[in-house]
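Worksheet: the structure to be examined is printed underneath.
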Amino acid sequence: MLEKIKFERFTAFEKLEVLFSPGINIFIGENGTGKTHILKSIYAACDIVKSKENFANKINNIFYPSEKQIGRLVKRSGVSSKGFVEISRKIDGERRATLRLSLSNHTTKVDKAIVTGATKYWREAPIDAAYIPVKDMMANAPGFRSLYDEREIHFEEIYVDIIRKAFLPLLKGPPDRSRRQLLETLQEAMDGKVVIKNEEFFLRSKGGELEFTLLAEGFRKLGLLWLLIQNGTLLNGSALFWDEPETNLNPKLMKTIVGILLELQRQGVQIFIATHDYIVLKEFDLQSLKTDNILFHSLYRGGKSGDVLVSTTENYLNINPNVIDDTFGNIVDREIEKAMGGLGK
Amino acid sequence: MIIQADGYQFDFTDAVDVFVFDEKDKSKPTYHGLPMKGVDIVAVFERQYVFVEIKDYDDICLYDESKNACEEERKRKHDHFKWLKNYLKYKFRDTFLFRYAEQKTEFPIHYICLLSFDNALNAIMNKNLVIELPVGLASCRWKQEIATSCHVVNLEKWNQNFPGWPAIKIGG
Numbered sequence: 001m002l003e004k005i006k007f008e009r010f011t012a013f014e015k016l017e018v019l020f021s022p023g024i025n026i027f028i029g030e031n032g033t034g035k036t037h038i039l040k041s042i043y044a045a046c047d048i049v050k051s052k053e054n055f056a057n058k059i060n061n062i063f064y065p066s067e068k069q070i071g072r073l074v075k076r077s078g079v080s081s082k083g084f085v086e087i088s089r090k091i092d093g094e095r096r097a098t099l100r101l102s103l104s105n106h107t108t109k110v111d112k113a114i115v116t117g118a119t120k121y122w123r124e125a126p127i128d129a130a131y132i133p134v135k136d137m138m139a140n141a142p143g144f145r146s147l148y149d150e151r152e153i154h155f156e157e158i159y160v161d162i163i164r165k166a167f168l169p170l171l172k173g174p175p176d177r178s179r180r181q182l183l184e185t186l187q188e189a190m191d192g193k194v195v196i197k198n199e200e201f202f203l204r205s206k207g208g209e210l211e212f213t214l215l216a217e218g219f220r221k222l223g224l225l226w227l228l229i230q231n232g233t234l235l236n237g238s239a240l241f242w243d244e245p246e247t248n249l250n251p252k253l254m255k256t257i258v259g260i261l262l263e264l265q266r267q268g269v270q271i272f273i274a275t276h277d278y279i280v281l282k283e284f285d286l287q288s289l290k291t292d293n294i295l296f297h298s299l300y301r302g303g304k305s306g307d308v309l310v311s312t313t314e315n316y317l318n319i320n321p322n323v324i325d326d327t328f329g330n331i332v333d334r335e336i337e338k339a340m341g342g343l344g345k
Numbered sequence: 001m002i003i004q005a006d007g008y009q010f011d012f013t014d015a016v017d018v019f020v021f022d023e024k025d026k027s028k029p030t031y032h033g034l035p036m037k038g039v040d041i042v043a044v045f046e047r048q049y050v051f052v053e054i055k056d057y058d059d060i061c062l063y064d065e066s067k068n069a070c071e072e073e074r075k076r077k078h079d080h081f082k083w084l085k086n087y088l089k090y091k092f093r094d095t096f097l098f099r100y101a102e103q104k105t106e107f108p109i110h111y112i113c114l115l116s117f118d119n120a121l122n123a124i125m126n127k128n129l130v131i132e133l134p135v136g137l138a139s140c141r142w143k144q145e146i147a148t149s150c151h152v153v154n155l156e157k158w159n160q161n162f163p164g165w166p167a168i169k170i171g172g
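Following this line, the structure appears as structure tokens:
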């Protein structure tokens, strides 16, 4: 279970520490407050367990700074400075392992960045992780993996990673009942199931097979989730990272998505979401049970220096600041101003 | 002018008059006494009227019909949301009728509902009320509005938007 992340002078953060829920972690905040950076950093630390890649290398491939100069990930300050990102994880419910990447803004090569902590222990304890990026890649899957492996193309590695996960073959043995139920719920929502032919994804329904390029992007996302559940990527002890699940999805579908995420959490999947969407927040508020573990992390700029800070709460109503609801509040203000003018001022 | 109603205290600093509309005390000149619904407060200004209705709920989710766990639950919450919307709507309309009979509807009337919902949910309620009151010259046959504007706000938004009418929660 991922426990916390610490940053010092890394990307958007001067100094920040976030403690995670073992269940669902929902990050909100204005653009530029680092939601995606948090998700990417944790995902990188998880992914190296299976890929055996160097942590610095993974971070560099995922963030993709200009000319892949890893030192550019140190927060800009105009002078020489050093920074780090550190992730802690509890293994087997007892022992803690920490992984830290330290670097300076002069570090140009990945092998000059320093990775410390219980690196061996970290890599030996298995964890599966999937990162669903904002942009859909499912329709671009044919040939993308080999293109990425053979050529220098300007894509953050999360895009090829998610395609690789989607292509994973089925786990041995039939899926258990709870997994079958989740798959059926998704099949109902997208009216079919996903099949793969020659590296291409299709939605198979009663009407026939529809290639993903012709399928609505929202359904492609449902299809991706279906594949990750079906091939066993999302099982007890795994971690799911989903950046803006609301993108390209009709708000009506969020009820289904959130229901599935809650159920995955009940089955032991730790979930990290970044969102700008009221419906996502409210669905979690409405559908969650008292036994569910949900934390809302609100990232905001505060203090004299305007650094990114975090405010964490279990209760939807206590999210403060709540940039999403504040936006609705701003509309309320403008409506009152327009209709009532100076009355009551 | 300070007034208390339904667990809140307001100070309408620039009002000409302000009173509890549904007054139960027979000795007061603003005694209501009719089997009609009524908003909590009417505030009178030089050339405007403001009707205020207050509803404070503990279980806010009870009224959020937009997303729910199951069909039965959705229906239950839809019923609650609809009930609340109708409650707010008919309170306004009956108050308007009463004031019409008093010949006191000559100025624009603004209707403000003070609820305990978040801004987003208030916005949904507001949209429904604007349509159903209805606000403005809703029919091509109308020569007069029954409501010039309608706003659903929580206490924080009230105080932000109406600093001249500060409101606080009183009692338990």
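Protein sequence lines, in the order shown, are assigned to chains A and B. Under this note's numbering, residues 1 to 345 are what the first sequence spells out, in order. Under this note's numbering, residues 1 to 172 are what the second sequence spells out, in order. C-beta: ideal position from N, C-alpha, C; glycine also. In this text, all values refer to a predicted model and were calculated from it rather than measured experimentally.
Straight-line gap, residue i to residue j (C-alpha atoms, nearest Å)
i        : j        : result
B/Glu132 : B/Asn86  : 9 angstroms
B/Ser139 : A/Leu210 : 48 angstroms
B/Asp40  : A/Asp333 : 23 angstroms
A/Arg9   : A/Glu335 : 41 angstroms
A/Leu224 : A/Lys82  : 38 angstroms
A/Leu249 : A/Gly342 : 40 angstroms
B/Asn68  : A/Lys290 : Unreliable positioning characterises B/Asn68 in this predicted model, as indicated by a pLDDT of 48, which lies under 50. A coordinate reading is not provided.
A/Cys46  : A/Thr233 : 13 angstroms
A/Val110 : A/Glu150 : 20 angstroms
B/Asp25  : B/Val42  : 16 angstroms
B/Glu22  : B/Ile168 : Glu is not the amino acid found at residue 22 of chain B; the sequence shown has Asp there. Cα to Cα, the separation comes out at about 21 angstroms.
A/Thr36  : A/Ala274 : 7 angstroms
B/Glu102 : B/Trp83  : 28 angstroms
B/Gln4   : B/Phe12  : 11 angstroms
B/Asn161 : A/Gly344 : 7 angstroms
DSSP three-state assignment for residue i, whether helix, strand or coil
i        : result
A/Glu337 : helix
B/Glu102 : coil
A/Arg151 : coil
B/Tyr57  : coil
A/Ala130 : strand
B/Ile168 : strand
B/Trp142 : coil
A/Ile319 : coil
A/Phe202 : strand
A/Gly223 : helix
B/Gln4   : strand
B/Asp94  : helix
B/His32  : coil
A/Glu8   : strand
A/Gln270 : strand
B/Tyr87  : helix
A/Thr108 : coil
A/Gly71  : helix
A/Ser80  : coil
Beta-carbon gap between residue i and residue j smaller than 7 angstroms
i        : j        : result
A/Asp243 : A/Val134 : yes
B/Tyr49  : B/Ile109 : yes
A/Ala130 : A/Leu240 : yes
A/Ile42  : A/Glu156 : no
A/Ile257 : A/Pro245 : yes
A/Met137 : A/Ile158 : no
B/Val44  : B/Val20  : no
B/Ser116 : B/Asp56  : yes
B/Gly7   : B/Gly171 : yes
A/Ile132 : A/Leu182 : no
A/Thr108 : A/Gly71  : yes
A/Asn105 : A/Leu168 : no
A/Ser205 : A/Asp128 : no
A/Ile87  : A/Ile5   : yes
A/Asp325 : B/Asn154 : no
A/Arg123 : A/Val49  : yes
A/Asn236 : A/Gln267 : yes
A/Gly34  : A/Val308 : yes
A/Met1   : A/Lys90  : yes
A/Ala141 : A/Thr213 : no
A/Val194 : A/Leu222 : no
B/Ala38  : B/Thr95  : Note that residue 38 of chain B corresponds to Gly in the displayed sequence, not to Ala. A contact, by the Cβ cut-off of 7 angstroms.
B/Phe107 : B/Met36  : no
Integer-rounded CB distance, given that residue j should sit under 8 angstroms from residue i
i       : j        : result
A/Leu19 : A/Glu3   : 7 angstroms
A/Phe27 : A/Lys75  : 19 angstroms between Cβ atoms; not a contact.
A/Ser51 : A/Ile294 : About 29 angstroms separates the two Cβ atoms, so there is no contact after all.
Any chain E beta carbon closer than 7 angstroms to residue i
i        : result
A/Lys345 : You won't find chain E in this structure, because its protein chains are A and B.
task = Kindly confirm or deny that the stretch 297 to 307 of chain A and the stretch 119 to 127 of chain B touch, where touching means at least three C-beta pairs closer than 8 angstroms.
result = no
request  = Answer yes if the stretch 87 to 105 of chain A comes into contact with the stretch 114 to 124 of chain A, meaning at least three C-beta pairs across the two stretches below 8 angstroms, and no otherwise.
outcome  = yes
message = Would you call the stretch 197 to 207 of chain A in contact with the stretch 169 to 184 of chain A, where contact means no fewer than 3 C-beta pairs closer than 8 angstroms?
response = Contact fails between the stretch 197 to 207 of chain A and the stretch 169 to 184 of chain A, because fewer than three Cβ pairs, one in each stretch, are under 8 angstroms apart.
task = Determine contact between the stretch 309 to 323 of chain A and the stretch 280 to 299 of chain A, defined as no fewer than three beta-carbon pairs at a distance below 8 angstroms.
result = These segments touch.
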